[in-house]
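Contents: one structure, followed by commentary.
Protein chains: 2
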Amino acid sequence: MKWMIDETRIILEQLASEAKESGREQAQYETKVREILWEIETRGQEALKEYSEKFDKFKGDTFLVSKEEIKAATKRVETEVMDALKQAKRNIVSFHEQQKQEAFIDSGREGVLRGQLILPLEAVGVYVPGGTAAYPSSVLMNVLPAKIAGVKKIVMVTPPSETGIPDVILAAANIAGVDEIYQVGGAQAIAALAYGTTCVPKVDKIVGPGNIYVASAKKLVFGHVAIDMIAGPSEIGVIADDSANPVFIAADLLSQAEHDERARTFLVTDSIELAKKVEQEVEKQLVTLPRKKIAEKSLADFGKLIVVKNLEEAFNVMNALAPEHLEIQLPEPLSYLPKITNAGSVFLGSYASEPVGDYIAGANHVLPTSGTSRFYSPLGVYDFIKRTQFTYYSKKALEEDRQAIQILARKEGLEAHARAVEVRFEEDNK
Amino acid sequence: MKWMIDETRIILEQLASEAKESGREQAQYETKVREILWEIETRGQEALKEYSEKFDKFKGDTFLVSKEEIKAATKRVETEVMDALKQAKRNIVSFHEQQKQEAFIDSGREGVLRGQLILPLEAVGVYVPGGTAAYPSSVLMNVLPAKIAGVKKIVMVTPPSETGIPDVILAAANIAGVDEIYQVGGAQAIAALAYGTTCVPKVDKIVGPGNIYVASAKKLVFGHVAIDMIAGPSEIGVIADDSANPVFIAADLLSQAEHDERARTFLVTDSIELAKKVEQEVEKQLVTLPRKKIAEKSLADFGKLIVVKNLEEAFNVMNALAPEHLEIQLPEPLSYLPKITNAGSVFLGSYASEPVGDYIAGANHVLPTSGTSRFYSPLGVYDFIKRTQFTYYSKKALEEDRQAIQILARKEGLEAHARAVEVRFEEDNK
Numbered sequence: 001m002k003w004m005i006d007e008t009r010i011i012l013e014q015l016a017s018e019a020k021e022s023g024r025e026q027a028q029y030e031t032k033v034r035e036i037l038w039e040i041e042t043r044g045q046e047a048l049k050e051y052s053e054k055f056d057k058f059k060g061d062t063f064l065v066s067k068e069e070i071k072a073a074t075k076r077v078e079t080e081v082m083d084a085l086k087q088a089k090r091n092i093v094s095f096h097e098q099q100k101q102e103a104f105i106d107s108g109r110e111g112v113l114r115g116q117l118i119l120p121l122e123a124v125g126v127y128v129p130g131g132t133a134a135y136p137s138s139v140l141m142n143v144l145p146a147k148i149a150g151v152k153k154i155v156m157v158t159p160p161s162e163t164g165i166p167d168v169i170l171a172a173a174n175i176a177g178v179d180e181i182y183q184v185g186g187a188q189a190i191a192a193l194a195y196g197t198t199c200v201p202k203v204d205k206i207v208g209p210g211n212i213y214v215a216s217a218k219k220l221v222f223g224h225v226a227i228d229m230i231a232g233p234s235e236i237g238v239i240a241d242d243s244a245n246p247v248f249i250a251a252d253l254l255s256q257a258e259h260d261e262r263a264r265t266f267l268v269t270d271s272i273e274l275a276k277k278v279e280q281e282v283e284k285q286l287v288t289l290p291r292k293k294i295a296e297k298s299l300a301d302f303g304k305l306i307v308v309k310n311l312e313e314a315f316n317v318m319n320a321l322a323p324e325h326l327e328i329q330l331p332e333p334l335s336y337l338p339k340i341t342n343a344g345s346v347f348l349g350s351y352a353s354e355p356v357g358d359y360i361a362g363a364n365h366v367l368p369t370s371g372t373s374r375f376y377s378p379l380g381v382y383d384f385i386k387r388t389q390f391t392y393y394s395k396k397a398l399e400e401d402r403q404a405i406q407i408l409a410r411k412e413g414l415e416a417h418a419r420a421v422e423v424r425f426e427e428d429n430k
Numbered sequence: 001m002k003w004m005i006d007e008t009r010i011i012l013e014q015l016a017s018e019a020k021e022s023g024r025e026q027a028q029y030e031t032k033v034r035e036i037l038w039e040i041e042t043r044g045q046e047a048l049k050e051y052s053e054k055f056d057k058f059k060g061d062t063f064l065v066s067k068e069e070i071k072a073a074t075k076r077v078e079t080e081v082m083d084a085l086k087q088a089k090r091n092i093v094s095f096h097e098q099q100k101q102e103a104f105i106d107s108g109r110e111g112v113l114r115g116q117l118i119l120p121l122e123a124v125g126v127y128v129p130g131g132t133a134a135y136p137s138s139v140l141m142n143v144l145p146a147k148i149a150g151v152k153k154i155v156m157v158t159p160p161s162e163t164g165i166p167d168v169i170l171a172a173a174n175i176a177g178v179d180e181i182y183q184v185g186g187a188q189a190i191a192a193l194a195y196g197t198t199c200v201p202k203v204d205k206i207v208g209p210g211n212i213y214v215a216s217a218k219k220l221v222f223g224h225v226a227i228d229m230i231a232g233p234s235e236i237g238v239i240a241d242d243s244a245n246p247v248f249i250a251a252d253l254l255s256q257a258e259h260d261e262r263a264r265t266f267l268v269t270d271s272i273e274l275a276k277k278v279e280q281e282v283e284k285q286l287v288t289l290p291r292k293k294i295a296e297k298s299l300a301d302f303g304k305l306i307v308v309k310n311l312e313e314a315f316n317v318m319n320a321l322a323p324e325h326l327e328i329q330l331p332e333p334l335s336y337l338p339k340i341t342n343a344g345s346v347f348l349g350s351y352a353s354e355p356v357g358d359y360i361a362g363a364n365h366v367l368p369t370s371g372t373s374r375f376y377s378p379l380g381v382y383d384f385i386k387r388t389q390f391t392y393y394s395k396k397a398l399e400e401d402r403q404a405i406q407i408l409a410r411k412e413g414l415e416a417h418a419r420a421v422e423v424r425f426e427e428d429n430k
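Dropping the structure here:
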């Protein structure tokens, strides 16, 4: 891990310049992806089959996974895993139900009604990556909020493979209540969801992580359908003082680092002794990890031990980093909530280890990465609804507002706007 | 206007194929825009000055509009316009305050706290187009929701012109409570807001409509900062039966058509007589409109009179169109709210003419266009906040969930995740 011990101002400048250098590479994939999108938009199912054969060696007749296959796969999953998934589901549901939003109607003035409806999206597509990046916990996290929002059709797509879709992924989809599963991946899967083919239905929104082709395709179809955020490498930030347990912190940093060689880990502390102990513990615990190589590279390239003067400065640095996951390992951790301005999900105290949030606590684990918690939210029920406003005016109410509307319309040079009100008060038009 | 009288199924197919042909042209601008973004990201203020001189003949020392200029401009605006803007503001505020969302905290189980904070974005940029497309009403609609959300810094950018920024735009910004105004436009203004220069501050989100360069720049910086939706041509759909007043409907269609040659207008009705009368009325009212040419072209290219069998089918067609504005000109209009699945803003009854919503009613007039009300919402307070989750676990609570976490982590092959929980129960690590 890299040490940063300096004035906060200088640390912040360094971090900002590092952020600038990363995160630009997508343009080169776009030409290729644009072609795939175009082919599937214009040629539909035929093109989808060609790409699936070419990229994934898919040779089946249909992309649809049958109900029987899903049932059989679910039966093959160990009972203890099924129980854990169901427990996770209960907690995710009880958390996310609190995100439901209410319509409102307001009748503050005679003859006027205004309000807003909350409507679920009609159809949503969930992308689930293949291979070792296929996580059943992520299936629950992506699907359940859509379910709670009231989405009628939830479609899952996941790349085909010679060994088939992992049983536990099908089981998780089953538990979460996915309506249809298609064995199709990559940019071609995103195109199919965005434009529809005779087999794969067109959806209103596409969510879920994927490789660079998937991310690029999502960005290109954005506007034609809605998408969730573009996920970058995962991050954890830990704020701790000398009362914290370096063994716990090291284990939590490693749990992030094992995800991906590009995962980022930050410890920000006012105690150089704690930072030293954490560094030693990381090295010690690393030795026996199955994913040692990945974690080692991630820590070497993107691990940081940041020592600042006091906790006030620690929060300044951390808010600038705007981490996906933030652990507060300080006494009375809840009292620090008001100091946090940018973070996806916050873990409070020594026992709220970050994996608690990945699997069981119930808050979402699909979170804004790479500093985007400055403006993005965790995935939630609010991502699967849309709002529709409505306005009712009586003739009398319009009469009262007639002048103001016409003054503004004419000031903007929009005479037909003014006349639309005017005709309603002309004797001839009754 | 074009007539469509057929079975609903066939009308829907025709509408779908027309939608396919429109709306693909942006790629060609991207290369140029990408260069502008890159230059401003790397060379900052210097590059911003070069582009402003080149594209807008801007020669000033600073882009910042001084408080004195804003004050002087505000004083020059007619009292009746100022009063109408203030009345609009009151209604916009009272509507949007109902969109504020509440944090929640949940303690359903001993030793566990979970919750979600609602935090305002820190800084927001509002783009206001130049020339005749500079609408004071849009300044209020973009700025006030951000203000209500609690955004600390609201920055407005608008292209420079030889005659200066229109007084009424500066006055509206002043009324709405904009913090800083910069005279800079085009893709270079979007780049400045996304990356920051020594003069223009970096923001977290960029909202507001603009030309193709602005839209393209917004799409390219998406992910680095947040953006609102990409606005397409404006639309109105009217559902009416033979009890409706054709004069009113014609006037409302014209108020949409005068915006833009690409504006779309739809009447969907079960009465061919009404449709005929509306067509005649449109031609009659068109003659004396100052923006006759624009409205005429818009109606010829994108105006539709759609006649269906009954009102049930009318709603099916309209929900497929998913219009930005929807008027229900039927008896007892409120009773039809449950039939609407896709629409930005709905106007109920003969006297809720669409311009009522543009100027005075208080619901937002920044709405999803081109069928995107399938998945997007009107601009609102929710666009200027982000959510942060938090989780607290006691040791005892972690003990209870320990097994489930470890089973899932190991099933996903993430051993360090399992160990992060395990170390907290090892005797040595106390």
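For the protein sequence lines, the chains are A and B, in the order given. Here the first sequence stands for residues 1 to 430, numbered as in UniProt numbering. Here the second sequence stands for residues 1 to 430, numbered as in UniProt numbering. Don't be surprised by glycine CBs; every beta carbon is placed ideally from N, CA and C.
Is it true that the CB of residue j sits closer than 8 Å to the CB of residue i?
i: Val-155 (chain B); j: Phe-384 (chain B); result: no
i: Ala-275 (chain B); j: Leu-305 (chain B); result: yes
i: Phe-248 (chain B); j: Ser-94 (chain B); result: no
i: Leu-37 (chain A); j: Ala-191 (chain A); result: yes
i: Asp-270 (chain A); j: Asp-252 (chain A); result: no
i: Leu-414 (chain B); j: Asp-228 (chain B); result: no
Could you work out which residues of chain A lie near residue i, taking near to mean beta carbons separated by less than 7 Å?
i: Ala-295 (chain B); result: Ala-416
i: Asp-252 (chain B); result: Ala-420
i: Phe-347 (chain B); result: Thr-391
i: Glu-80 (chain B); result: Ile-407
i: Gln-87 (chain B); result: Ala-404
If you draw a straight line from the alpha carbon of residue i to that of residue j, how long is it in whole angstroms?
i: Ala-47 (chain A); j: Gln-280 (chain A); result: 54 Å
i: Glu-327 (chain A); j: Gly-357 (chain A); result: 11 Å
i: Val-317 (chain A); j: Ile-272 (chain A); result: 16 Å
i: Ala-300 (chain B); j: Asp-6 (chain B); result: 20 Å
i: Arg-90 (chain B); j: Thr-158 (chain B); result: 25 Å
i: Gln-87 (chain B); j: Tyr-359 (chain B); result: 10 Å
i: Gln-116 (chain B); j: Val-151 (chain A); result: 23 Å
i: Gly-23 (chain A); j: Val-282 (chain A); result: Residue placement at Gly-23 (chain A) cannot be trusted, given a pLDDT of 45 that sits under 50; what the coordinates show is reported in the next sentence. Taking the straight line joining both Cα atoms gives about 27 Å.
i: His-417 (chain B); j: Leu-15 (chain B); result: 51 Å
i: Pro-368 (chain A); j: Lys-277 (chain B); result: 53 Å
Using a Cβ cut-off of 7 Å, pull out every chain B residue sitting near residue i, in sequence order please.
i: Tyr-135 (chain A); result: Glu-412
i: Thr-8 (chain A); result: The premise fails here: Thr-8 (chain A) is roughly 18 Å from chain B at the closest Cβ pair, so nothing lies under 7 Å.
i: Leu-289 (chain A); result: Glu-415, Ala-416
Quick one: list the residues of chain B neighbouring residue i, beta-carbon separation under 8 Å, in chain order.
i: Tyr-376 (chain A); result: Ala-226, Lys-386
i: Val-356 (chain A); result: Thr-391, Tyr-393, Leu-398, Asp-401, Ile-405, Val-421
i: Asp-106 (chain A); result: Ser-94, Phe-95, Gln-98
i: Gly-344 (chain A); result: Thr-388, Gln-389
DSSP three-state call for residue i: helix, strand or coil?
i: Thr-341 (chain B); result: coil
i: Asp-106 (chain A); result: strand
i: Ala-240 (chain B); result: strand
i: Leu-299 (chain B); result: helix
i: Met-229 (chain A); result: coil
i: Leu-330 (chain A); result: coil
i: Ile-181 (chain B); result: strand
i: Gly-23 (chain A); result: Confidence is the limiting factor: at Gly-23 (chain A) the pLDDT is only 45, short of 50, which leaves the residue's position unreliable, though a coordinate-based value still follows. Gly-23 (chain A): coil per DSSP, three-state reduction.
i: Val-112 (chain A); result: strand
i: Gln-101 (chain A); result: coil
i: Lys-153 (chain A); result: strand
At 8 Å on the CB atoms, spell out the chain A contacts of residue i, in chain order.
i: Glu-258 (chain B); result: Leu-414, Glu-415, Ala-416, His-417
i: Thr-341 (chain B); result: Leu-119, Glu-122
What is the C-beta distance between residue i and residue j, in whole angstroms, given that I count them as a contact (C-beta under 8 Å)?
i: Pro-136 (chain A); j: Ala-171 (chain A); result: 7 Å
i: Phe-184 (chain B); j: Lys-205 (chain B); result: Residue identity check: residue 184 (chain B) is Val in the sequence provided, not Phe. Wrong, their Cβ atoms sit about 18 Å apart, outside the cutoff.
Which residues in chain A sit within 9 Å of residue i, going by Cβ to Cβ distance?
i: Arg-262 (chain B); result: The premise fails here: Arg-262 (chain B) is roughly 16 Å from chain A at the closest Cβ pair, so nothing lies under 9 Å.
Near-chain D residues of the segment 200-223 of chain A (beta-carbon distance less than 8 Å), N- to C-terminal order: Of the chains in the structure shown, none is chain D; the protein chains are A and B.
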